[in-house]
Amino acid sequence: MFLCVSLALKAWLTQDPPADTQVQRPKTLLWREILDPDSKMKHVREYPSVPSPPSLPASPARVHTSTQQQVQDTLTHLETLWDDLGLTEEQRSDRKRIFYGHIAGLLEKILLDERALKSRIINQIEHNTIKILKLCEELLLEPEEAVDGLTLLDLDAVLQERLEKLHHTKEDRQETLRNLQEKDEGLCELLSEEAFCVPRGLVPSLEQLKEVEEHIRAMEEKKDEREVTYRRLKVGLLSFLEQLEQSPEDPFTREVVCSDDEDIPLDQATIQRLRTVHSDLEFQVKENMAKSLDVRERIGSLWALLEVSQGHQQAFLATAPGATPSSLAKLEEELERLKVLRLHNLAVFVEKLQKELCVWWDKCYVGEEEKERVHTMTADDVGEDVLVLLEGEVERWKNYHVENQELLSLLDTFLSLFRHMLELEERAKDPSRLFNTRGGALLQEEKAKKKVKTELPRVQERLEILAAAWEDGSGRPFLVYGQEVVSYLQDLWDSRERRREDEKAKRVQAKEGKVKVGGVTQARTPVPPSSAKKRGMEGEEPPTTKRPKHLLPPPKTKSPTKASQRSPCKTPRGKPLSELNRAPHIPTTAMQPDVSIQSITYDKFKDPLQSNEGLNSTTLDQAPQGFPQGFMKSLF
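Under the working numbering, think of the first position of the sequence shown as 477, with each following residue one higher.
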């Protein structure tokens, strides 16, 4: 600094201007104005330019010494010049005062400029700090921590950098918000939805930008969903119109059918209106399909009754495919033609319907009351009314069977198991099966008994639960041959128990009673306890019961016929045993029934049932004594 001042003074003093003349010299600005172009100090003293000094020493101490030396040399040079000029001491004092005054003024100006620079930097730091805090508040960001140990210039540079960064962040957010709002407004306008609202003039936060993005994503998903729904409804609409063989009736439907997909707005009202039109047309199509199916079933029934050939049926069906109005017209025309043919064959139709009705009665376990009601209504002469009535009854029981398929199927299973149980019990009464054990017959019989014993209660429980549920749903009991399910099943078990008790009583009577042989009553020969051991099976007496001698299997070496002719009576006194054995066998008659259990076979039990016309009839369900109505028909 002092070097610059001394050089300037030296250059100014080396000039030789007249004392009273002001010499115009080239002007140059102060060094601070060169370093700071924005300086507001426009009116400062200008100094003459001086030649560039030689390269200055780098050390501050040497610079200070050199400057002082230059000032002293300048004063010496001035003294020489003043001697040459012949200036008085007073003039020389004035010149020296001016010389030192210039140096003091220059130093004062330099000090003021540096103070102003410091003050300006401090103000700038404060101003930038305020701006940074405000931007952080707008951007919802935490201000960065201050860095310790920085000079004013470094701190000012750091704050300026932070301020510029925050300005960029603010501008980026505002630009992002403008783009998102533009996209959101376009989607909402297409979908007739409300756009996401962000107050104008506020800097959006990151959360608000995320919310706008999520709203846009939701609108895009809704747009895609509505586009898919629109295309699906439109395709269905075209298909229904084709099946109904009609063109669009209202302007909205015509607009949907004829325009491109991009031209239709995807607002909720349009989609809902399209759904309504689609639903109406779909209802008409389904109605036509149901009507077509009904007419086809009726035509099929009439074809079957009229015994129309398959070739004719296929040829006609080929002309009336689907459920279009034209096909429905052909089907109804064919139905009317078949109805006319039916009227000419009423007797045949009535007979076939009666047989078919009996089949459905058997499948649905219909009771005698219901059958009698129908018989009473159809007992008149054959007419169209009877035909219509029978058709209605057949259709009614068909629907009943379909609606209660599970319950009726479970009832079939129960009766099948119950019938199998009775067969196993009947088979257990035949002692000859003990000698026919090929193929593990007895083992298979035991397995069958265990299976029936396990499955029958489970099926019965399930059947009763379903019957109770059916009763709760329909408000009336589920009937089997006119009885409630629980009552009917209980009657089956009671009948079986009564039958077993009757058979047991007959066995006891046959065991404790007397047997008539040849008209002479004799007591039975007692059977030793060891012969009473037998295999414990269901339907047989307990092992402790003494087995009658006539139930023992005959010896293998002798004919069963001869063995059966031997008399179990005691040997009369005075007659040898061989003579009694040669006595002829007297067969049992109606007056002398054979009460032995061996004589009661399944064939004998079944023969009266097969000879009974009532049991073979499909319209009567009179069960034998001891069993519920309709059960024996299910057995045989």
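Ideal placement from N, C-alpha and C gives every residue a C-beta, glycine not left out.
Because the structure is a prediction, the values reported are computed rather than measured.
Asked: Given residue 641 as reference, the closest of 607, 624, 653 and 859 once Cα atoms are compared; Found: 607
Asked: Contact under 8 angstroms by Cβ, residue 709 with residue 750; Found: yes
Asked: Nearest-angstrom Cβ-Cβ length linking residue 858 and residue 826, presumed shorter than 8 angstroms; Found: 5 angstroms
Asked: Inter-stretch contact (C-beta, 8 angstroms, three-pair minimum) for the region 721-740 and the region 674-683; Found: no
Asked: Inter-stretch contact (C-beta, 8 angstroms, three-pair minimum) for the region 647-666 and the region 689-709; Found: yes
Asked: Helix, strand or coil at residue 722 [DSSP, three-state]; Found: coil
Asked: Beta-carbon proximity check, residue 805 vs residue 719, cutoff 8 angstroms; Found: no
Asked: Length of the line joining the Cα atoms of residue 953 and residue 792; Found: 45 angstroms
Asked: Three-pair Cβ contact test at 8 angstroms for the region 573-590 versus the region 608-615; Found: no
Asked: Proximity below 8 angstroms, CB of residue 887 to CB of residue 829; Found: no
Asked: Residue from 921, 891, 894 and 645 with nearest C-alpha to residue 904; Found: 921
Asked: Sheet register partners of residue 960 (DSSP bridge); Found: 955
Asked: Simplified DSSP state of residue 905, which is helix, strand or coil; Found: coil
Asked: Integer Cβ distance of residue 772 from residue 814, believed to fall under 8 angstroms; Found: Not confirmed; about 12 angstroms, so no contact.
Asked: Cα-Cα separation between residue 512 and residue 554, rounded to whole angstroms; Found: Residue placement at residue 512 is poorly supported in this model, since its pLDDT is 43, which falls under 50; the coordinates still yield a value, given next. Going by the C-alpha atoms only, they are around 34 angstroms apart.
Asked: Closest by C-alpha distance to residue 711, when choosing among 541, 755, 802 and 768; Found: 755
Asked: Stretch-stretch touch, CB-based, cutoff 8 angstroms, three pairs: the region 890-899 with the region 917-936; Found: yes
Asked: Contact check, residue 667 vs residue 743, beta carbons under 8 angstroms; Found: yes
Asked: Through-space distance from residue 820 to residue 716, alpha-carbon basis; Found: 40 angstroms
Asked: Endpoints, alpha helix (DSSP H) assigned at residue 776; Found: 744-782
Asked: Euclidean distance between Cα positions of residue 673 and residue 699; Found: 19 angstroms
Asked: Touching by the beta-carbon criterion (3+ pairs, under 8 angstroms), the region 859-878 and the region 964-978; Found: no
Asked: Length of the line joining the Cα atoms of residue 836 and residue 889; Found: 17 angstroms
Asked: Nearest-angstrom Cβ-Cβ length linking residue 702 and residue 775, presumed shorter than 8 angstroms; Found: Actually they do not touch by this definition, with Cβ atoms about 44 angstroms apart.
Asked: Alpha-carbon to alpha-carbon, residue 840 and residue 969; Found: 21 angstroms
Asked: Three-pair Cβ contact test at 8 angstroms for the region 613-630 versus the region 592-599; Found: yes
Asked: Host alpha helix (DSSP H) of residue 557 (start-end); Found: 536-561
Asked: Host alpha helix (DSSP H) of residue 595 (start-end); Found: 565-615
Asked: CB of residue 962 within 8 angstroms of CB of residue 947, strictly; Found: no
Asked: Where residue 681 falls: helix, strand or coil (DSSP); Found: coil
Asked: Start-to-end residues for the alpha helix (DSSP H) that takes in residue 803; Found: 801-819
Asked: Start-to-end residues for the alpha helix (DSSP H) that takes in residue 949; Found: 917-950
Asked: Sequence-distant residues of the same chain with beta carbon closer than 7 angstroms to residue 620, five excluded per side; Found: 638
Asked: Inter-residue Cα distance where the pair is residue 917 and residue 902; Found: 15 angstroms
Asked: DSSP three-state assignment for residue 795, whether helix, strand or coil; Found: helix
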